[in-house]
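Under my numbering, the first residue of the sequence shown is numbered 320, with each subsequent residue one higher. Glycine included, every Cβ here is placed at the ideal spot set by N, Cα and C.
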Amino acid sequence: MVEKLISDLTALGATPAAGDFVEIETVAGASKKVTYAELVTTENLDALDALTAVAVGDKVIVRDVSDTTDGVTGTDKEVTVSNLKGAYRVYKTSDESRASDTTLAADSQLTVALATTTTYSVRGVVMTQLADATPDLKYGLIYSGTTTGSVTTFVSKNPCNNTTQTTKMQNSFLTSDTLLSSVAGDGRLFFEVTFTTSSTGNFYLTWAQQTSDVNTTTILKGSWIEYSVVQ
Numbered sequence: 320m321v322e323k324l325i326s327d328l329t330a331l332g333a334t335p336a337a338g339d340f341v342e343i344e345t346v347a348g349a350s351k352k353v354t355y356a357e358l359v360t361t362e363n364l365d366a367l368d369a370l371t372a373v374a375v376g377d378k379v380i381v382r383d384v385s386d387t388t389d390g391v392t393g394t395d396k397e398v399t400v401s402n403l404k405g406a407y408r409v410y411k412t413s414d415e416s417r418a419s420d421t422t423l424a425a426d427s428q429l430t431v432a433l434a435t436t437t438t439y440s441v442r443g444v445v446m447t448q449l450a451d452a453t454p455d456l457k458y459g460l461i462y463s464g465t466t467t468g469s470v471t472t473f474v475s476k477n478p479c480n481n482t483t484q485t486t487k488m489q490n491s492f493l494t495s496d497t498l499l500s501s502v503a504g505d506g507r508l509f510f511e512v513t514f515t516t517s518s519t520g521n522f523y524l525t526w527a528q529q530t531s532d533v534n535t536t537t538i539l540k541g542s543w544i545e546y547s548v549v550q
């Protein structure tokens with residue numbers, strides 16, 4: 320799946336308006352027409368999913384095909400999929416709870432697929448809720464593929480119902496860490512990881528309870544993970 324937001328079409332002569340149609344075409348000629356608003360609001364090139372030959376690294380053509388205000392109908396811009404500007408964000412659309420479980424496992428939604436030979440900045444906000452003071456949160460930030468060069472991880476943690484903020488920075492993936500609290504309530508985790516891939520893979524959040532408890536640890540709806548290409 321190609322998951323890149325087109326945030327700048329100024330090379331077409333003018334930025335298309337929300338109601339204008341944009342045609343996305345592979346250099347080989349397959350194409351699909353969607354509205355510019357669809358590209359922006361979905362935050363990814365879902366339109367390219369129908370073009371099964373398109374992969375990260377391929378070149379595609381973005382064409383304004385029905386602009387009635389800017390007068391640039393039919394103007395083309397050829398771009399490389401891996402270099403399209405913008406960021407791709409995945410939201411958690413429902414709460415997810417775990418109880419009596421201290422084994423790290425992948426979140427059901429907070430994962431993104433990354434290409435090879437690309438430098439990424441991956442960021443996220445994880446909103447947590449503890450049913451009582453016992454379980455806390457154990458988490459990891461994982462990339463399933465391989466990397467080359469340095470990895471930089473920064474996290475900022477706010478325990479439940481606490482304004483005290485703690486931070487951590489290290490030159491590797493943070494595969495296991497904790498967000499500890501002495502009370503029930505809501506907590507927050509902020510993170511940013513920068514690294515260069517040497518193979519395709521998935522970046523994702525793993526989590527569990529730090530201390531097994533029948534009362535739940537929950538990752539809340541609205542938590543998100545986002546990546547952008549460092550160019």
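Neighbourhood of residue i by C-beta distance below 8 Å, restricted to the same chain and skipping five residues each side
i, result
"Asp455", "Leu449, Thr497, Leu498, Leu499, Ser500, Gln528, Gln529, Thr530 and Thr536"
"Lys476", "Gln484, Thr485, Thr486, Lys487, Leu498, Gly506, Arg507, Leu508 and Phe509"
"Trp543", "Arg408, Val409, Tyr410, Lys411, Leu429, Gly443 and Val444"
"Ser491", "Val470 and Thr472"
Chain-order list of residues whose beta-carbon lies under 6 Å from that of residue i (same chain, five-residue window excluded)
i, result
"Leu493", "Leu460 and Thr472"
"Val474", "Lys487 and Phe510"
"Ser416", "Thr535 and Thr537"
"Val502", "Ala452, Cys479 and Asn480"
Whole-angstrom distance between residue j and residue i, CA atom to CA atom
i, j, result
"Asn318", "Asp420", "Outside the shown range of the chain (320 to 550) lies residue 318, about which nothing can therefore be said."
"Val400", "Ala432", "Confidence is the limiting factor: at Val400 the pLDDT is only 46, short of 50, which leaves the residue's position unreliable, though a coordinate-based value still follows. Distance between the alpha carbons of Val400 and Ala432 is about 14 Å."
"Leu539", "Ser518", "31 Å"
"Lys413", "Thr436", "For clarity, residue 413 is Ser in the given sequence; the question names Lys instead. For Ser413 and Thr436, the distance between alpha carbons rounds to 33 Å."
"Asp426", "Trp526", "7 Å"
"Lys457", "Ala424", "10 Å"
Closest residue to residue i among the options (Cα-Cα distance)
i, options, result
"Asn521", "Ser416, Val470 and Thr465", "Thr465"
"Cys479", "Val445, Tyr523, Asp414 and Glu415", "Val445"
"Val441", "Leu508, Ser518, Gln428 and Phe514", "Phe514"
"Val512", "Ser547, Thr447, Gly504 and Trp526", "Ser547"
"Thr447", "Asp532, Gly504, Glu545 and Ile544", "Gly504"
"Ser469", "Ser495, Thr438 and Lys457", "Thr438"
"Ala280", "Glu545, Asp532 and Gly541", "Given that the chain is displayed from residue 320 to residue 550, the structure contains no residue 280 and the question cannot be resolved."
Secondary structure of residue i, DSSP reduced to three states
i, result
"Leu456", "strand"
"Ser419", "coil"
"Asn557", "Residue 557 cannot be examined here, being either before or after the span of the chain that is shown, 320 to 550."
"Phe492", "coil"
"Lys540", "coil"
"Asp426", "strand"
"Gln484", "coil"
"Thr436", "coil"
"Thr471", "strand"
"Thr513", "strand"
"Asp451", "coil"
"Ser501", "coil"
Contact test: residue i Cβ vs the ligand MN heavy atom, cutoff 7 Å
i, result
"Trp526", "Of the ligands one can find in the structure shown there are none, so the ligand MN has no counterpart to examine."
is_contact[residue i, chain B] using C-beta, thresh 8 Å
i, result
"Asn477", "In the displayed structure, chain B is absent; only one protein chain is listed."
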